[in-house]
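Report on one structure; see the data block that follows.
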Amino acid sequence: DSGVTQTPKHLITATGQRVTLRCSPRSGDLSVYWYQQSLDQGLQFLIQYYNGEERAKGNILERFSAQQFPDLHSELNLSSLELGDSALYFCASSGGQGARGYGYTFGSGTRLTVV
Amino acid sequence: AQKVTQAQTEISVVEKEDVTLDCVYETRDTTYYLFWYKQPPSGELVFLIRRNSFDEQNEISGRYSWNFQKSTSSFNFTITASQVVDSAVYFCALSEADTNAGKSTFGDGTTLTVKP
Numbered sequence: 095d096s097g098v099t100q101t102p103k104h105l106i107t108a109t110g111q112r113v114t115l116r117c118s119p120r121s122g123d124l125s126v127y128w129y130q131q132s133l134d135q136g137l138q139f140l141i142q143y144y145n146g147e148e149r150a151k152g153n154i155l156e157r158f159s160a161q162q163f164p165d166l167h168s169e170l171n172l173s174s175l176e177l178g179d180s181a182l183y184f185c186a187s188s189g190g191q192g193a194r195g196y197g198y199t200f201g202s203g204t205r206l207t208v209v
Numbered sequence: 092a093q094k095v096t097q098a099q100t101e102i103s104v105v106e107k108e109d110v111t112l113d114c115v116y117e118t119r120d121t122t123y124y125l126f127w128y129k130q131p132p133s134g135e136l137v138f139l140i141r142r143n144s145f146d147e148q149n150e151i152s153g154r155y156s157w158n159f160q161k162s163t164s165s166f167n168f169t170i171t172a173s174q175v176v177d178s179a180v181y182f183c184a185l186s187e188a189d190t191n192a193g194k195s196t197f198g199d200g201t202t203l204t205v206k207p
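One line per chain: the protein sequences are P and U, in this order. Start counting at 1 in the first sequence, then tack on 94, and there's your number in our numbering. Start counting at 1 in the second sequence, then tack on 91, and there's your number in our numbering.
What follows is the structure, given as structure tokens:
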């Protein structure tokens, strides 16, 4: 157990639907990162939060949004889902504002299948 | 812009062979961090090591060793006497020391298969 909890582990949903992925960071970590892993795109950075504030944004679609709550858990919302959104979504946490000196601790991922 | 290249898409070795996974990076920052992660067939991503740009000492941890060379912008990973349990996808990653961006850029990964 890495200490980063992601739910659900698996999600199957239809095109056009909306889903919410949840992540609880490792105890004491203030930064949360979301990554998307697909076969053709590899590991793509989506967004980072630090202590409730958005810190960095990657190639995140406008249909996707995220937030980090006061208890530091984070949610990634994916809407108007398309077949191409099928992927493994990872949450990672780290101790500092940046990854400087801190490797990520990853959750086990949420496998999203859009049918 | 930062970039990480893992030119080896797949490597297959027989148990007990040594294997080196290559990683070449690009960055304009003078301060940055390099990482290796392992993704076994079960799917989770496991942090293996990090290096900062000012520390070019090689590191050895059991059968694992890492060779960081700034002159060639490389951070290679060697597994000595490979074992079947080493079969996994290995990712190299780079993070620049930017106060606004803690994100890491990952290479495409190298799939290592160790056959018994």
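Every residue gets a Cβ at the ideal spot worked out from N, C-alpha and C, and that includes glycine. As the structure is a prediction and not an experimental result, all values here were calculated from the model.
Within chain U, the residues that residue i reaches when beta carbons sit closer than 9 Å
i	result
residue 109 of chain P	The contacting residues do not exist; residue 109 of chain P stays about 24 Å from chain U at best.
residue 182 of chain P	134
residue 161 of chain P	Chain U residues near residue 161 of chain P: none, gap ~17 Å exceeds 9 Å.
Below-9 Å beta-carbon distance, residue i vs any chain B residue
i	result
residue 195 of chain U	Included in the structure are the protein chains P and U, with no chain B among them.
Residues that residue i bridges to, as DSSP identifies them
i	result
residue 104 of chain P	P:205
residue 153 of chain P	Per DSSP, none; premise fails for residue 153 of chain P.
residue 159 of chain U	U:166
residue 154 of chain U	Looking at the DSSP assignment, residue 154 of chain U forms no beta bridge with any residue, so it has no partner.
residue 135 of chain P	Answer by DSSP bridge pairing: none, since residue 135 of chain P is not bridged.
residue 141 of chain U	U:126
Spatial distance of residue i from residue j (CA atoms)
i	j	result
residue 199 of chain U	residue 179 of chain U	13 Å
residue 203 of chain U	residue 169 of chain U	12 Å
residue 100 of chain P	residue 114 of chain U	29 Å
residue 106 of chain P	residue 129 of chain U	26 Å
residue 193 of chain P	residue 103 of chain U	Only weak support exists for where residue 193 of chain P lies, its pLDDT of 49 falling under 50; the coordinates are left without a value.
residue 166 of chain U	residue 111 of chain P	42 Å
residue 149 of chain P	residue 107 of chain U	44 Å
residue 159 of chain U	residue 109 of chain P	45 Å
residue 140 of chain P	residue 98 of chain U	24 Å
residue 118 of chain P	residue 136 of chain P	23 Å
Amino acids of chain P, ordered along the chain, whose beta-carbon sits closer than 9 Å to that of residue i
i	result
residue 200 of chain U	136 and 137
Within 9 Å, strictly: CB atoms of residue i and residue j
i	j	result
residue 187 of chain U	residue 118 of chain U	yes
residue 101 of chain U	residue 201 of chain U	yes
residue 172 of chain P	residue 185 of chain P	no
residue 78 of chain P	residue 203 of chain P	Residue 78 of chain P is absent from the structure shown; chain P starts at 95 and stops at 209.
residue 145 of chain U	residue 122 of chain U	yes
heavy atom of the ligand NAP below 8 Å from residue i C-beta
i	result
residue 98 of chain U	Ligands displayed in this structure: none; no statement on the ligand NAP is therefore possible.
Within chain U, the residues that residue i reaches when beta carbons sit closer than 7 Å
i	result
residue 197 of chain P	126, 138 and 141
Beta-carbon neighbours of residue i, restricted to chain P and to distances below 8 Å
i	result
residue 182 of chain U	137
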